[in-house]
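Notes follow the structure.
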Amino acid sequence: PYGIYVNPYTGYMYATDAGYYTGSGDLYQWSPEGTLLGTHKLYINPGHFLALPPSGHMTGIETVTHTPGSSPSFIYDLQGRRYDNESQLKSGTIYIKDGKKMLFNSQP
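Note that my numbering numbers the sequence shown so that position 10 is 6, with each residue one more than the last.
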């Protein structure tokens, strides 16, 4: 096989049967106990495998909570630049304020 991989999070095993990296073939998947779970057709053989942690195993990512009125309200453009007040904004432009999109229209 061209590629063999064991997922460190789940223990599932994967292998491909193409003879070289530009050839098509099949991807085989086995359970940690060695039971063949299925095959999947490959049209370009992977040079590398990537394992992502299953749900709930990410670190440093927490739910964001917002309490209205608890902090100053800043306005951001779609490039992430912060504006302190509406006098700096251009009419007809989309901005983000309090986590919501807004289309700014200045009054003449």
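Where is the CB? At the ideal position from N, CA and C, for every residue including glycine.
Check                                                                                                              : Outcome
Sequence-distant residues of the same chain with beta carbon closer than 7 Å to alanine 47, five excluded per side : Asn3, Pro4 and Tyr5
Segments of 3+ residues assigned as beta strand (DSSP E) that fall wholly inside the segment 61 to 100             : 71 to 73, 89 to 93 and 96 to 100
Which residues DSSP lists as bridging isoleucine 40, in chain order                                                : Answer by DSSP bridge pairing: none, since isoleucine 40 is not bridged.
Through-space distance from methionine 98 to lysine 86, alpha-carbon basis                                         : 12 Å
Neighbour-count burial assignment, leucine 23, 16 or more Cβ in a 10 Å radius                                      : buried
Option nearest glycine 7 by Cα separation, candidates Thr59, Gly30, Ser69 and Asp73                                : Gly30
Start and end residues, beta strand (DSSP E) containing threonine 6                                                : First-last for threonine 6: undefined, no H or E at that position.
Where aspartate 22 falls: helix, strand or coil (DSSP)                                                             : strand
Distance, aspartate 73 Cα to phenylalanine 100 Cα                                                                  : 11 Å
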